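The structure appears right after this line, and notes come after that.
Numbering (this note's numbering), first residue to last: 1 to 308.
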């Protein structure tokens with residue numbers, strides 16, 4: 001397959017071959033599509049196979065250390081002081097991402113799985129939810145506690161690794177995880193650990209990095225740049241890495257550090273995510289944003305909760 005593709009790319013053909021340039025380009029396009037889909041399938045299988053041992057890999061520790069640095073030593077962590085505008089923005093984003101109204105959150109129980117700096121925990125608590133939040137990073141836990149201190153015992157925060165099971169005596173009306181599972185190295189196990197905590201009729205929202213689909217060449221440009229920057233900065237300290245990216249990306253440094261610094265940044269097809277939800281007993285899966293990443297929400301089969 002690969003040698004044939006190379007021949008097509010180079011415009012080679014056997015003697016007596018009368019295939020036109022248009023035919024060669026058409027064949028090349030379909031072969032590239034096939035290879036892309038095959039790589040996606042193989043990458044998925046490797047992740048499942050490596051999941052049981054991934055916590056022993058050096059890249060897993062480096063990923064966790066990167067986020068610990070991000071929440072403790074970067075402006076992203078202390079958003080209450082550095083980005084107070086998020087108090088106005090984040091509640092609106094939560095409603096936009098989930099498709100749920102502000103009124104829906106009043107009195108609901110919510111699990112924020114991988115709370116990071118706590119901005120979404122704060123947003124959901126500000127709309128009246130009772131929030132349970134956790135993060136693998138001590139600094140993330142502390143930032144979330146500080147940000148949500150005014151809500152008293154309506155917000156509970158603790159430290160936990162998503163790849164480990166959680167023990168709760170209750171289910172949640174909403175389990176929320178934004179941009180977290182794809183950093184664990186064992187995304188499916190992390191998904192299983194939190195999916196079972198959704199009450200019948202409750203919702204689960206995820207934001208996961210999406211594989212390039214070939215619809216927009218910019219997707220490939222972006223991921224190629226991320227990988228180049230990751231290799232270019234791999235020998236730097238986290239602090240030097242952050243300052244290097246800040247020189248390149250200016251005010252967008254937070255998002256780029258989040259993408260470049262952690263070695264584990266897995267991407268997924270919508271097809272695979274849909275299978276996870278289906279197997280876990282969810283229905284009504286839908287994408288809430290037109291975006292290269294996956295913003296998805298689904299309902300656990302059971303009694304349908306009132307939406308407002």
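Built from N, CA and C at the ideal position, the CB exists for glycine as well. Computed from a prediction, not measured in an experiment: that's the story for all the values here.
Rounded straight-line distance, which links the Cα of residue j to that of residue i
{"i": "residue 300", "j": "residue 65", "result": "34 Å"}
{"i": "residue 176", "j": "residue 26", "result": "43 Å"}
{"i": "residue 263", "j": "residue 171", "result": "33 Å"}
{"i": "residue 185", "j": "residue 20", "result": "45 Å"}
{"i": "residue 100", "j": "residue 232", "result": "42 Å"}
{"i": "residue 30", "j": "residue 38", "result": "12 Å"}
{"i": "residue 220", "j": "residue 266", "result": "15 Å"}
{"i": "residue 251", "j": "residue 218", "result": "21 Å"}
{"i": "residue 118", "j": "residue 92", "result": "15 Å"}
{"i": "residue 279", "j": "residue 240", "result": "43 Å"}
{"i": "residue 292", "j": "residue 273", "result": "14 Å"}
{"i": "residue 276", "j": "residue 47", "result": "14 Å"}
{"i": "residue 127", "j": "residue 59", "result": "37 Å"}
{"i": "residue 288", "j": "residue 197", "result": "22 Å"}
{"i": "residue 33", "j": "residue 166", "result": "40 Å"}
{"i": "residue 96", "j": "residue 23", "result": "45 Å"}
{"i": "residue 71", "j": "residue 103", "result": "31 Å"}
{"i": "residue 236", "j": "residue 151", "result": "39 Å"}
Whole-angstrom C-beta distance between residue j and residue i, which should lie under 8 Å
{"i": "residue 135", "j": "residue 114", "result": "6 Å"}
{"i": "residue 110", "j": "residue 123", "result": "With a Cβ gap of about 10 Å, residue 110 and residue 123 do not count as contacting."}
{"i": "residue 270", "j": "residue 294", "result": "6 Å"}
{"i": "residue 297", "j": "residue 63", "result": "Going by Cβ atoms, the distance from residue 297 to residue 63 rounds to 26 Å, so no, they are not a contact pair."}
Beta-carbon spacing of residue i, residue j below 7 Å
{"i": "residue 125", "j": "residue 94", "result": "no"}
{"i": "residue 324", "j": "residue 121", "result": "With the chain covering only 1 through 308, there is no way to say anything about residue 324."}
{"i": "residue 44", "j": "residue 137", "result": "no"}
{"i": "residue 201", "j": "residue 302", "result": "yes"}
{"i": "residue 190", "j": "residue 162", "result": "yes"}
{"i": "residue 226", "j": "residue 260", "result": "yes"}
Any alpha helix (DSSP H) of 4 or more consecutive residues that is wholly inside the region 118 to 157: The qualifying runs are 119 to 126, 138 to 147.
- request: Flag this pair as touching only if the region 173 to 190 and the region 203 to 222 have three or more C-beta atom pairs under 8 Å; answer yes or no.
  value: Taking 8 Å as the limit for Cβ pairs, the verdict is that the region 203 to 222 does touch the region 173 to 190.
task: Only counting runs of 4 or more residues, tell me where the alpha helix (DSSP H) segments fall wholly within the region 252 to 284, in order along the chain.
output: Unbroken alpha helix (DSSP H) stretches of 4 residues or longer found wholly inside the region 252 to 284: 253 to 260, 270 to 279, given in chain order.
- request: At 4 residues or longer, and completely inside the region 161 to 194: list those alpha helix (DSSP H) runs for me, N to C.
  value: none
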